[in-house]
Amino acid sequence: MSTKATQITNVVLALLKGITPANDYNTDAGLRTERSYLDIDTDDSESYPAILIRTTGDPVEQARPNPAQARRSRTITCEGYVWAGGDDYEPDMDDLAEDMLRALLPATSKDALNGLAIDVSLTGADYEHPADGSNVAVVRYVVTASYTVSY
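In the numbering used here, the protein residues as written are 2 to 152.
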């Protein structure tokens, strides 16, 4: 069985994988959504939009020795990538930002992440425009889920 932290990440991944026009979203980024590593051709506009999620932290917030319990705070960075090789790519960033927000909002409800988390926060959308020589722009959200584990 996977850890609670991995299960939380799996729920976030599944929510983002649901981003397709068939589910009434603006983009089909869910078809190119991965964890940890995204294998896309950075020079091929057909590889976009795409989403990559990574755990960027999981510190212990509070620990008790008896019974052995820890409260942790899982931080998952969700980066959406759009092709920025054309004249006006910001509408594509807006579409993907809207899709990601809509997909991630259920994770912040009372039943946070299928009951795995005590509390969930969502921040973003941060827009990162392409660096010189790049054709990729980034939309970024951060999901932080507090949860407890017993040992």
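Ideal Cβ positions, reconstructed from N, Cα and C, are used throughout, including at glycine.
Check: On the three-state DSSP scale, how would you describe serine 37?
Finding: coil
>> Tell me the residue span of the alpha helix (DSSP H) that contains proline 92.
In response: It spans 91 to 105 - the alpha helix (DSSP H) in which proline 92 sits, taken as one unbroken run.
Taking 8 Å as the limit between beta carbons, can you name the residues of its chain near threonine 57, skipping five residues before and five after? Thr76, Ile77, Thr78 and Val143
> Given arginine 141, which residues of its chain have a CB within under 6 Å of its CB, disregarding the five upstream and five downstream residues?
Replying inline: Glu80, Gly125 and Asp127.
**Prompt:** Looking at tyrosine 82 and tyrosine 49, is the spacing between their C-beta atoms short of 7 Å?
**Reply:** yes
For proline 131, which of helix, strand or coil comes out of DSSP?
-> coil
When DSSP labels each residue in this structure, what does alanine 85 get in the three-state scheme? coil
How many angstroms separate the CA atom of threonine 109 from the CA atom of glycine 116?
11 Å
C-alpha distance - tyrosine 152 paired with proline 68, whole-angstrom precision:
Looking at the two C-alpha atoms, the distance is approximately 8 Å.
Would you tell me roughly how many angstroms separate the C-alpha atoms of isoleucine 41 and isoleucine 52, rounded to the nearest one? 10 Å
Q) Pick from Thr21, Ala132 and Val121: whose alpha carbon is nearest that of serine 147? A) Of Thr21, Ala132 and Val121, the residue nearest in Cα terms is Val121.
Going by beta-carbon coordinates alone, are leucine 16 and arginine 36 separated by less than 7 Å?
Cβ atoms of leucine 16 and arginine 36: not closer than 7 Å.
CA-CA distance, methionine 2 and asparagine 11?
-> 13 Å
Open item on the list: Output needed for proline 131: all residues of its chain with C-beta closer than 7 Å, excluding positions within five of it in sequence on either side, in chain order.
Closed with: For proline 131, where only same-chain residues beyond five positions count, the Cβ hits under 7 Å are Ala85, Val137 and Ala138.
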